[in-house]
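Numbering-wise, the sequence shown is residues 1433 to 1664 according to my numbering.
Just so you know, even glycine gets a beta-carbon here, dropped at the ideal spot from N, CA and C.
Single-structure report; data block below.
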Amino acid sequence: MLNASKPTSGTIVAEPEPIKLDWSTTALVIIDMQRDFMEPGGFGETLGNDVSQLARAVKPIAAVLARARDTGMLVVHTREGHLPDLSDAPPAKVERGAPSLRIGDPGPMGRILIRGEAGHDIIPELYPLDSEIVIDKPGKGAFYATELTDVLEKYGIENLLVCGVTTEVCVNTTVREANDRGYRCVVMSDGCASYFPEFHEMGLKMIKAQGGIFGWVADSAAVLEAMKTSTT
Ligand code: C5J
């Protein structure tokens, strides 16, 4: 529930243009800030990636998460992962490429990308409160084969503040899915990261190009500023 002493709306200085949001119809959506992507020994590293590239997103997300909790905004965390019997993991995903370990193989943080394993969990710095929503998703997009649509409808959500990893994969896929469903998406530039800095830059450009074809982009400072000043 929104905190009555806090602003109920704010204008985020974003690209391609500022956007005014009502916080009661806005959710903070934090994509896949899981040990499997962020830490050595997880899914991200098995694919050959330098996981240290993602660490830069943690502090900006933590700052906005703290403000969102203070404001009473709906907070949604997502986790990519599969059932232990892999029944929700398409062979085309499991067999892809030549990773050092495949989805479901035992690794240093438990079975790779499997629900309930240590690697599947969210990093301690951004750990969900019991009151927050956690969406487990088998795919890259947070709407595919999940209850996210029902949750957002239940809370009357129209706008999404999106952050997490990785910019061009699960963040972009989720924003595109959300945009087609009619949600206004503001993507936090420094609250997203990629194993490939150039994909991060292009991923953000693709969202805000053509008048904001998929949404808006703003940094965490602009989001925090909007959340502290009321424009009602
Ligand atoms: C990937 C994700 N990169 N969360 N997942 O496979 O972006």
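- Taking non-hydrogen atoms of the ligand C5J into account, the C-beta of aspartate 1464 is found less than 7 Å away from one of them.
- Distance from the CA of glutamate 1630 to the CA of glycine 1539, rounded to the nearest whole angstrom, comes to 29 Å.
- Isoleucine 1555 and lysine 1569 have their C-alpha atoms spaced approximately 17 Å apart.
- If you check the CB distance, leucine 1636 and valine 1618 do not come in under 8 Å.
- Between threonine 1510 and alanine 1574, the CB-CB gap stays under 8 Å.
- Taking the Cα positions, methionine 1659 is about 14 Å away from alanine 1494.
- Look at serine 1532 here: in three-state DSSP terms it is coil, with no helix or strand label.
- Linking serine 1563 to glycine 1480 through their CA atoms gives a straight-line distance of about 35 Å.
- Taking all protein chains shown into account, leucine 1561 has fewer than 16 neighbouring C-beta atoms within 10 Å of its C-beta and is therefore exposed.
- Short note on valine 1655: C-beta not closer than 7 Å to any heavy atom of the ligand C5J.
- Beta-bridge annotation (DSSP): serine 1441 is paired with Asp1454.
- With a threshold of 7 Å, the Cβ atom of valine 1507 does not count as near the ligand C5J, since no heavy atom of the ligand is closer than that.
- Taken atom to atom, the span from the alpha-carbon of leucine 1518 to that of arginine 1543 is near 11 Å.
- Runs of the alpha helix (DSSP H) spanning 4 or more residues and lying entirely within the region 1465 to 1547 occur at 1467 to 1470, 1475 to 1478, 1490 to 1503, 1523 to 1526, in chain order.
- Counting C-beta pairs with one atom in each stretch, the region 1478 to 1492 and the region 1637 to 1644 have fewer than three that are closer than 8 Å, which means they do not touch.
- Nearest C-alpha to leucine 1506 among Leu1460, Pro1448, Pro1450: Leu1460.
- Alanine 1610 places its beta carbon less than 8 Å from that of leucine 1592.
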